[in-house]
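In the numbering used here, the protein residues as written are 2 to 206. By construction, the Cβ of each residue, glycine as well, lies at the ideal position given by its N, Cα and C atoms.
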């Protein structure tokens, strides 16, 4: 019997990395199921992307709610679905302390730089600063979420060179490919129970 890991995705943008994960599941290169895709933005394309693949797409309105109240709704859904691992893909919210505590080392975020460099930045703004600083390489990081911004234990980093003619858009495309690959590796390591977390350090066993 194949061991299937139950995933949930939280996102606020287009969900390009989600597409990579969906594709790998559909061609049976990832033994996982996506139980639900949740967004705080009703018009986020990540919800449309989920619907196209017959996945449950859930909009949770944050209006008039505290961070804790919003996260209670999210966690209730995660519990109902029996979710084992949560992926943050372009999620434009900080999660509450209770969420972090209850789901510690079970929530992974992707960041478009080699953390701790350029922590706290988002999307194209990170790539622009990388180019402005004339970096020779960049990459992506998948890390467990903690109480800080992009400060949690690092699971995987992947690197790429920056060419002289690189633009923000070409760099974003290059890094996003790495993000998709990194997520697949990270999910499999988690599923196979090969990630040992001690403090802020992750050891792959």
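Spatial neighbours of residue i within its chain, please: C-beta separation below 6 angstroms, excluding the five flanking residues on both sides.
| i | result |
| --- | --- |
| residue 172 | 128 |
| residue 198 | 106, 154 |
| residue 16 | 47, 50, 90 |
| residue 84 | 7, 9, 36 |
| residue 26 | 33 |
| residue 54 | 23 |
Could you tell me how far apart the beta carbons of residue i and residue j are, in whole angstroms, since I believe they sit closer than 8 angstroms?
| i | j | result |
| --- | --- | --- |
| residue 161 | residue 179 | 6 angstroms |
| residue 148 | residue 194 | Not confirmed; about 25 angstroms, so no contact. |
| residue 110 | residue 146 | 5 angstroms |
Skipping 5 residues on each side, what residues in its chain have a beta carbon closer than 8 angstroms to that of residue i?
| i | result |
| --- | --- |
| residue 163 | 131, 132, 136, 137, 138, 139, 172 |
| residue 68 | 94, 95, 96, 97 |
| residue 4 | 32, 192 |
| residue 150 | 95, 120, 121 |
Which one of the options has the shortest CA to CA distance from residue i?
| i | options | result |
| --- | --- | --- |
| residue 176 | 201, 35, 123, 204 | 123 |
| residue 73 | 101, 55, 54, 86 | 101 |
| residue 134 | 87, 167, 157 | 167 |
| residue 184 | 125, 206, 113 | 113 |
| residue 143 | 170, 202, 126 | 202 |
| residue 174 | 121, 125, 86 | 125 |
| residue 182 | 200, 108, 82, 141 | 141 |
For residue i, collect the residues of the same chain with a Cβ closer than 7 angstroms to its Cβ; drop the 5 residues on either side in sequence, then sort them by chain order.
| i | result |
| --- | --- |
| residue 45 | 12, 13, 14 |
| residue 58 | 38, 48, 51, 52 |
| residue 20 | 50 |
| residue 204 | 197 |
| residue 40 | 12, 13, 47, 48, 60 |
For residue i, verify whether its CB is less than 8 angstroms away from any heavy atom of the ligand MG.
| i | result |
| --- | --- |
| residue 63 | As far as ligands go, the structure on display features none, and thus does not contain the ligand MG. |
task = Write down every uninterrupted run of the beta strand (DSSP E) in the stretch 90-122 whose length is 3 residues or greater and which is fully enclosed by it, in chain order.
result = At a cut-off of 3 residues, the continuous stretches assigned as beta strand (DSSP E) that sit fully inside the stretch 90-122 are 108-112.
ask   = Can we say the stretch 75-94 touches the stretch 8-16, given the rule of at least three CB pairs closer than 8 angstroms?
value = Taking a cut-off of 8 angstroms for Cβ pairs, the stretch 75-94 and the stretch 8-16 touch, as three or more such pairs fall below it.
query = If you pair each beta-carbon of the stretch 109-120 with each one of the stretch 59-66, do three or more pairs fall below 8 angstroms?
reply = By the Cβ rule, the stretch 109-120 does not count as touching the stretch 59-66, because fewer than three pairs are nearer than 8 angstroms.
ask   = Which runs of the beta strand (DSSP E) fall wholly inside the stretch 19-60 and span at least 3 residues, in chain order?
value = Fully enclosed beta strand (DSSP E) runs of no fewer than 3 residues occupy 33-40, 58-60 of the stretch 19-60, in order along the chain.
inquiry  = Report the start-end ranges of each beta strand (DSSP E) in the stretch 120-196 that is 3 residues or longer and not cut off at the edges.
reply    = Those beta strand (DSSP E) runs which fall completely within the stretch 120-196 and span 3+ residues are 138-145, 155-162.
key: Within the stretch 64-89, ranges of the alpha helix (DSSP H) (whole runs, at least 4 residues)   = Correct list: 68-82.
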